[in-house]
Every structure is written in structure tokens, then in C-alpha cells.
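Report on the following structure.
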Amino acid sequence: ADGIGVVYGSRILGTPLKERVPGIELAQNLMGKMAETGKTLFLLGSKPGVAEEAARRLCDTYKGLQIVGTHDGYFKKEGEENEAVLSRIRESGARIVFICFGAPAQEKWIAANRDKLPGVNLLLGLGGSLDVYSGRVKRAPAIFVRLGLEWLYRLLKEPKRIGRMMNLPKFYFGTWKYKLFHK
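FYI, in my numbering the residues of the sequence shown are 42 to 224.
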């Protein structure tokens with residue numbers, strides 16, 4: 042699980058997960074393997090220029106990593122603009138695509154478009170990872186990560202996230218409600 046809420050939810054439901062694996066770390070491990078094996082990557086999402094900067098930095102970090110294309114996340118997710126992005130991904134020859142729109146937009150886009158990308162083996166939703174990889178946003182300090190408090194760090198850095206963060210208690214109490222009344 043990426044989010045700490047899912048880890049806590051799994052404990053509440055009696056099926057605890059072994060550990061939390063943040064998407065940003067999963068992707069870093071994956072890029073290390075991709076650099077060794079020659080798998081190709083396309084970066085999709087964030088503001089204009091961010092994916093390109095992330096690509097430059099990632100190629101410096103992971104020698105041999107083949108990033109075959111980038112595109113920002115500011116396009117209409119249906120119709121001609123979406124089809125143009127899909128065409129660009131197909132033409133790039135990418136086997137893996139990191140989609141960084143944020144939840145749930147990236148998951149909805151993946152579900153709607155995965156069948157239109159037959160050459161792609163993996164579509165991975167990674168939220169704000171490109172912002173971190175590009176150096177525009179700092180990841181939470183290790184102590185916040187270890188304690189499952191990355192969400193708190195992000196809230197302190199970006200107070201406008203308070204509306205989104207209010208979903209965390211809803212999820213927590215909703216999980217308890219489910220456990221108690223829907224066995």
C-alpha cells in the first residue's frame with residue numbers, strides 16, 4: 042500500500058499489510074531495474090516543464106535509464122487532446138508509463154485508456170512524484186515517512202490541502218463502520 046490510511050484500514054479489518062511502500066520509492070526501485078534492463082519509460086503529468094526536468098534529473102541519477110517521452114498533465118482527458126497524448130505515448134515505444142495527475146484522476150485516466158496502449162506493460166499512478174523528481178518539491182523528512190505522517194508534512198507545507206485531508210478521518214471511521222456492520 043502507498044497510503045498510510047490503507048495500512049491502518051487493513052489492520053482494522055484484520056488483514057494487516059506487512060509494510061507500506063510509497064509509490065515514489067516503488068518507482069525509484071523500478072527505475073533502477075529499468076536502467077539495467079533497457080525498459081523504456083514515458084513520464085506523464087504535472088505542470089508544463091516539470092516532467093522534462095524530472096526526466097533530466099532521473100537520467101543523471103539512473104545511468105542507462107531510457108525516458109522516451111514526456112508530457113504535462115494539462116490536457117483534456119477526453120477527445121482530441123487525449124488522443125494526441127495517447128498517440129505520442131504509442132509512438133514513443135514506451136513499455137512503462139508513470140502517470141502523475143493525483144488521485145483519483147490518474148486512476149480514472151488509466152482505467153479509461155489502458156486498452157488504447159497495447160504496447161505498454163505497466164501504467165503506474167504516482168501522484169506528485171514528478172514534482173519531487175524534478176526538484177521543485179521536497180519530500181517529507183525521513184522521520185515523517187517512517188511514522189506514516191507524510192500527509193501531515195504536506196499539509197503543513199501546503200495548508201490549502203485541508204479539504205482533501207478531511208477525507209482521511211472519513212476513510213478511517215468508514216473502515217470501522219464497515220468492520221462493525223458489514224461482516
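Think of the CB as a built atom: it goes at the ideal place given N, C-alpha and C, for glycine as much as any other residue.
Within the DSSP bridge table, the entry for Q107 names T81 as partners. Measuring C-alpha to C-alpha distances from C100 to each of I151, L84, K179 identifies L84 as the nearest. With at least 16 other beta carbons inside 10 angstroms of its own, W150 counts as buried. Rounded to whole angstroms, L165 and G143 show a C-alpha spacing of 11 Å. A direct Cα-Cα distance of roughly 6 Å separates Y103 from G73.
Distance from the CA of A183 to the CA of A68, rounded to the nearest whole angstrom, comes to 17 Å.
Assigned with DSSP and collapsed to three states, L221 falls in helix. A residue is called buried when at least 16 other Cβ atoms come within 10 angstroms of its Cβ; I137 meets this threshold and is buried.
The residue from T216, V186, D113 with its alpha-carbon nearest to that of S51 is T216.
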